[in-house]
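Worksheet: one structure, shown below.
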Amino acid sequence: AAERRAAVAPRPVTDAEVNASVEDSDDELPMYFTHPSQLLALFGDLEESNLFLIQNAQESEEALEELRSKFAATQQRLGAETEGLKAQVDTLQRAIAAEEA
Numbered sequence: 007a008a009e010r011r012a013a014v015a016p017r018p019v020t021d022a023e024v025n026a027s028v029e030d031s032d033d034e035l036p037m038y039f040t041h042p043s044q045l046l047a048l049f050g051d052l053e054e055s056n057l058f059l060i061q062n063a064q065e066s067e068e069a070l071e072e073l074r075s076k077f078a079a080t081q082q083r084l085g086a087e088t089e090g091l092k093a094q095v096d097t098l099q100r101a102i103a104a105e106e107a
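FYI, this note's numbering numbers position 61 of the sequence shown as 67, with every residue one higher than the one before it.
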């Protein structure tokens, strides 16, 4: 893609050209693209960039979904452990209360 752009890079427009063009209202501004291949190369580069960004977004979504799944599993596991520990605390407190009585 870089080779295409280097081979047919658009010619920069100078301030003198712009000023001359503005002064002559009958004349049109110089075209940014002087060859059709320049426009095609630009569209190709944009398409390639968009596809890359789409792929990155999809990979990020997959990673996020995996993290959400792991978080939910960890939250469920820790919730069950907490309930078990609370039950043990209650059992021990009752045992202590029974021995003290």
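We put the beta carbon where it would ideally sit given N, CA and C, even for glycine.
For residue i, count neighbouring Cβ atoms within 10 angstroms of its own Cβ and tell me buried if that reaches 16, exposed if not.
i, result
"A47", "buried"
"Q81", "exposed"
Is residue i helix, strand or coil by DSSP?
i, result
"V19", "coil"
"E105", "helix"
"E34", "coil"
"T40", "coil"
I'd like the list of long-range same chain contacts for residue i, defined as Cβ closer than 6 Å, with 5 residues on each side in sequence excluded.
i, result
"P36", "V19, E23"
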